[in-house]
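Following the working numbering, the numbering of the sequence shown begins with 720 at its first residue and continues without gaps.
Note sheet for the following structure.
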Amino acid sequence: MLGAAALLVTSTAFAHAHLSSSEPAANAEVAAPSEVTIHFTEPLEPAFSKITLADTSGKAAAAIESQVDKDDARVMHLPLPQLSTGRYAVHWIAVATDGHRTQGDFAFIVK
Ligand SMILES: [Cu+2]
């Protein structure tokens with residue numbers, strides 16, 4: 720973890736991929752969405768970037784792997800099965816084309 724922290728500190732001048740917006744948005748209450756879409760500030764490296772979704776018990780809630788959009792590498796999609804009501808936790812890992820990795824979490828609620 721020390722190495723990762725050092726990398727974060729020393730590489731801030733480079734173009735990392737940060738979350739720009741998402742659907743559903745963080746903490747949004749929505750009807751069951753057909754996918755999670757996240758827009759990033761930089762193009763992603765498809766082989767190393769992913770979105771995962773967990774339900775309230777921490778169990779994986781998506782059956783299919785996420786994919787970087789073929790037409791816009793700054794966009795990543797996670798197709799979803801029919802979700803039941805409840806709170807879902809999104810975890811994303813984004814590796815930019817410069818090899819730098821960022822990650823984050825947010826949640827949304829299916830009502
Ligand atoms: Cu970078």
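Even glycine gets a Cβ: it sits at the ideal position worked out from N, Cα and C.
Since the model is a prediction, treat every value here as computed from it, not as a measurement.
For R820, the enclosing beta strand (DSSP E) stretches over residues 820-829. For the 8 Å CB-CB criterion, I783 and V809 do not form a contact. Exclusion of H737 from the 7 Å shell around ligand 1 follows from its C-beta lying no nearer than that to any non-hydrogen atom of the ligand.
Annotated three-state conformation of L799 is coil, per DSSP.
H735 sits in coil when the DSSP states are folded into three classes, being neither helix nor strand. Separation of F825 and S768 (C-alpha to C-alpha, rounded to the nearest whole angstrom) is 16 Å.
For the options A815, S776, G777, Q801, the alpha carbon positioned closest to that of M795 is the one of A815. Within the same chain, P798, L799 come within 8 Å of S753 by CB-CB distance, once the 5 residues on both sides are set aside. Taking the Cβ of A734 as the reference point, at least one heavy atom of ligand 1 falls within a distance shorter than 7 Å.
For A813, the distance from the CB to the nearest heavy atom of ligand 1 is not below 7 Å. Residue state for I812 is assigned as strand, using DSSP reduced to three classes.
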